[in-house]
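Number of protein chains: 2
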Amino acid sequence: MEDRKKRILQAIIDDYVLTAMPVGSRTISRKYLMNLSSATIRNEMSDLEELGYLEQPHVSAGRVPNAKAYRLYVDALLEEGPKPTREDEELRQKYLNRVSHLEDVVASTAQALSDFTHYASLVMMPRQEQMRIATLQLVPVTRALALLVIVTDGGVIRDTMVRVSEDLDADALYAISRMLSERLSGKTLKEVQSLLKDYADHAPGDPQVLSGIMELSGQMEKQAAADNLTVSGSHNILGFPEYHDAEKARQLLSALEDKDRLMSLVHGTGGLELMVHIGPETGIPEMTECSVALAEYRVGQGKRGAIGLIGPTRMPYARVLGTLRLVSRALTGVLGGEEDAE
Amino acid sequence: MEDRKKRILQAIIDDYVLTAMPVGSRTISRKYLMNLSSATIRNEMSDLEELGYLEQPHVSAGRVPNAKAYRLYVDALLEEGPKPTREDEELRQKYLNRVSHLEDVVASTAQALSDFTHYASLVMMPRQEQMRIATLQLVPVTRALALLVIVTDGGVIRDTMVRVSEDLDADALYAISRMLSERLSGKTLKEVQSLLKDYADHAPGDPQVLSGIMELSGQMEKQAAADNLTVSGSHNILGFPEYHDAEKARQLLSALEDKDRLMSLVHGTGGLELMVHIGPETGIPEMTECSVALAEYRVGQGKRGAIGLIGPTRMPYARVLGTLRLVSRALTGVLGGEEDAE
DNA sequence: GTTAGCACTCTCATTGGTCGAGTGCTAACG
DNA sequence: CGTTAGCACTCGACCAATGAGAGTGCTAAC
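The listed protein sequences correspond, in order, to chains A and B. First residue of the first sequence: 1, per the working numbering; consecutive thereafter. First residue of the second sequence: 343, per the working numbering; consecutive thereafter.
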């Protein structure tokens with residue numbers, strides 16, 4: 001595509017991002033490309049429409065950029081890499097002085113992110129399967145119930161109740177814990193499951209505990225795949241003119257509450273630091289008019305989570321991606337992922 | 343107030359709950375109280391307006407019931423007690439076969455509640471301060487960090503990282519855990535704090551651990567007051583005609599994300615099983631046009647949490663309260679509170 | 001005390017007309 | 001040949017006028 005067409009398309013996108021109104025040829029000629037007349041712009045716009053980058057709501061309205069247009073724009077963006085703005089710096093400052101649980105850090109990051117950008121934000125915790133067990137301990141709760149606490153290398157804690165035989169006292173549980181802990185540390189959950197199967201034969205511990213752990217690890221795997229995705233600040237969605245229609249907004253918001261479907265979206269982040277799903281690319285019908293920008297963060301060795309922002313397709317992608325990249329790097333830094341912050 | 347006035351007011355409320363439109367005298371005379379003419383109703387309505395139960399959006403619209411009207415209605419309702427409907431039974435069935443962590447049970451209850459009723463739902467976890475410690479255990483995480491797990495009598499688990507001196511190995515930590523556990527079990531968090539102060543003098547354990555626990559219990563108290571309130575299904579709000587205006591909806595939704603303010607609302611449930619805040623009674627400006635119905639549930643001895651539904655003031659209070667009561671009782675049952683389910 | 005009837009008020013949806021923004025096309029220009 | 005000026009045309013937004021409908025308050029009769 002000729003350079004001029006690109007510049008015009010860019011101008012249209014910029015203006016549309018700003019105003020959320022169809023952009024006319026005259027606007028472009030006056031505000032963006034003063035050396036060209038509106039008639040010329042009209043011709044080019046007509047071409048761009050034919051190429052599939054623009055759409056016209058009705059015959060005498062301006063043009064509106066397309067998913068295809070944003071995609072072109074974003075792809076260029078992703079290559080050169082956005083640079084942080086002053087606001088980003090502020091956000092970064094605000095947040096660098098906290099150290100705590102993974103859950104808390106990530107959740108409050110999401111909160112801050114949505115408060116700050118006025119978009120809805122999304123957080124996916126790292127998938128638990130990939131985590132390796134650091135320690136494991138049984139804490140007695142009642143005579144027949146114990147809490148199995150598993151600490152993983154990323155500082156993530158998981159726990160579930162397991163039923164234990166009644167004649168095990170605290171000391172016995174501790175002994176079992178130590179033994180299991182020694183043998184299982186460094187393993188992933190998947191490995192634990194198969195290991196335990198063999199193990200059950202030689203059965204040096206309480207068989208009930210073993211089966212408890214078996215059940216737990218299965219349960220944890222299931223839990224790992226669900227639940228660890230949260231959306232916050234979804235009310236920000238309502239601030240956008242494209243969602244002034246209550247019914248539309250309702251549909252989007254309920255789609256955002258359906259974690260399972262969102263999950264599949266976030267999953268597709270095949271190893272890229274930044275990525276964007278534009279409109280229909282999300283694959284979720286209710287989300288054809290909005291985009292999801294995602295950034296990956298890391299915890300420990302190679303465990304990946306994601307944070308993201310959700311807004312109308314008409315997002316200021318450069319800004320949004322810049323902020324996300326910054327925050328995800330800071331997260332990775334704070335959480336001891338292998339990549340350096342900044 | 344005369345019985346007839348009450349009946350008319352009731353009819354107005356019923357119709358308004360159904361239609362969300364101002365109710366005229368003719369409607370009442372034809373649909374609800376066929377033995378009275380519209381003129382009579384008009385006279386009564388005029389009286390009711392003077393008494394402060396009704397309002398007129400404009401001179402020739404019908405009447406709209408007031409917070410005061412709903413209050414009268416709900417008070418009567420609370421006395422006689424609503425009865426469960428078929429739908430309630432269905433909800434109850436759906437949910438009786440789960441046993442798990444407090445957090446999970448309560449959260450999924452909230453989810454189910456909002457899905458089912460199509461209102462936004464709210465859950466408050468029991469205040470942690472009131473909880474008594476059952477066991478306490480230190481789980482080593484790294485050389486210098488341990489996870490302090492506190493199990494309370496209600497099966498609620500809290501944990502935080504504490505820094506421990508590097509020359510304590512797992513066994514030493516266990517020994518400390520046992521000792522602390524023995525001395526602290528049965529105490530509330532408040533008590534632990536003051537106890538530890540005295541305790542620090544005789545210092546039989548690692549002083550670092552002690553100060554860690556001190557810090558933690560303070561932290562937990564703070565945490566207890568925040569964070570344990572969640573709202574789900576808020577998208578349902580957008581389904582109501584009174585929130586078809588995007589700006590209004592946005593304000594309400596952001597108010598619902600402000601846990602602190604909501605907290606104060608829920609707190610006022612001074613020991614009643616059911617309660618309702620109608621419109622301005624909520625004390626939250628953004629919520630003058632909606633009501634919050636709350637029901638209490640119990641965990642262990644005397645620890646109280648709350649579940650609730652949030653909708654427009656024009657809620658079908660009888661249904662809503664019935665459902666809430668049912669669910670809260672079931673919750674209390676499942677979670678081993680002292681009151682019996684059903 | 002209740003009701004029928006009537007005049008009055010106010011909202012809402014409809015209609016028609018105007019305005020302005022924006023397009024596409026054509027013809028002229030460098 | 002690309003660019004531009006000009007013009008006719010289209011379409012939505014806005015406005016005012018209009019009329020129907022819903023609902024009220026009041027009065028007088030039952």
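Every residue gets a Cβ at the ideal spot worked out from N, C-alpha and C, and that includes glycine.
The Cβ atoms of V634 (chain B) and I652 (chain B) lie closer than 8 Å to each other. Taking all protein chains in view, the Cβ of R405 (chain B) is crowded by 16 or more other Cβ atoms within 10 Å, so the residue is classified as buried. Under the 8 Å Cβ criterion, the segment 574-585 of chain B counts as touching the segment 461-470 of chain B, having at least three qualifying pairs. Annotated three-state conformation of A362 (chain B) is coil, per DSSP. If you draw a straight line from the Cα of H267 (chain A) to the Cα of L326 (chain A), it comes to about 21 Å.
With a threshold of 8 Å between beta carbons, S165 (chain A) makes no contact with chain B.
About 5 Å separates the Cβ atoms of M124 (chain A) and L229 (chain A), confirming a contact at the 8 Å cut-off. By the rule that beta-carbons nearer than 8 Å mark a contact, H586 (chain B) touches chain A. Residue contact with chain B for A120 (chain A): absent (no Cβ-Cβ distance below 8 Å to any residue of chain B). Contact between V299 (chain A) and P126 (chain A) holds, with the beta-carbon distance rounding to 5 Å and staying under 8 Å.
Membership of H277 (chain A) in the beta strand (DSSP E) is indicated by the continuous run 274-278. By a beta-carbon distance limit of 8 Å, V504 (chain B) contacts L490 (chain B). Their separation comes to about 5 Å. Per the C-alpha coordinates, the member of B:I626, B:S450, B:D587, B:V618 positioned closest to L636 (chain B) is B:V618.
The beta carbon of L77 (chain A) lies closer than 8 Å to those of Y317, A318, L321 in the same chain, with the five residues before and after it left out. Cβ neighbours of A61 (chain A) within its own chain (closer than 7 Å, five residues either side excluded): P22. The three-state secondary structure of V483 (chain B), taken from DSSP, is coil. A Cβ-Cβ distance of about 6 Å is found for the pair P622 (chain B) and A409 (chain B), placing them in contact under the 8 Å criterion. Per DSSP, the beta bridge partners of T152 (chain A) are A:I133. A476, T477, Q479, V481, P482, V483, L489, V491: these are the residues of the segment 475-492 of chain B whose beta carbon lies less than 7 Å from some beta carbon of chain A, given in chain order. The continuous beta strand (DSSP E) containing T230 (chain A) extends over residues 229-232. The straight-line gap separating the alpha-carbon atoms of N385 (chain B) and V573 (chain B) is approximately 43 Å. Boundaries of the alpha helix (DSSP H) around I176 (chain A): 170-184. Rounded to the nearest whole angstrom, the CA to CA distance from L72 (chain A) to T323 (chain A) is 20 Å. When 8 Å is used as the limit between beta carbons, E599 (chain B) is near these residues of chain A: S232, G233, H235, in chain order. Taking 7 Å as the cut-off between beta carbons, the residues of the segment 169-190 of chain A near chain B are A170, Y174, R178, in sequence order.
Close partners of S596 (chain B) in chain A (Cβ separation under 7 Å): H235.
Annotated three-state conformation of P285 (chain A) is helix, per DSSP. With 16 or more other CB atoms across the displayed protein chains lying within 10 angstroms of its CB, E296 (chain A) is buried. For S165 (chain A), there is no enclosing beta strand (DSSP E), since its DSSP letter is neither H nor E. C-alpha of I518 (chain B) to C-alpha of L480 (chain B): approximately 8 Å in a straight line. The alpha-carbon separation between P57 (chain A) and R26 (chain A) amounts to approximately 17 Å. Shown here, S38 (chain A) sits in a helix according to DSSP, grouped into three states. The C-beta of N578 (chain B) has 16 or more other C-beta atoms within 10 Å across all chains shown, which makes the residue buried. With a threshold of 8 Å between beta carbons, A249 (chain A) makes contact with chain B. For G239 (chain A), the closest Cβ of chain B is nearer than 8 Å.
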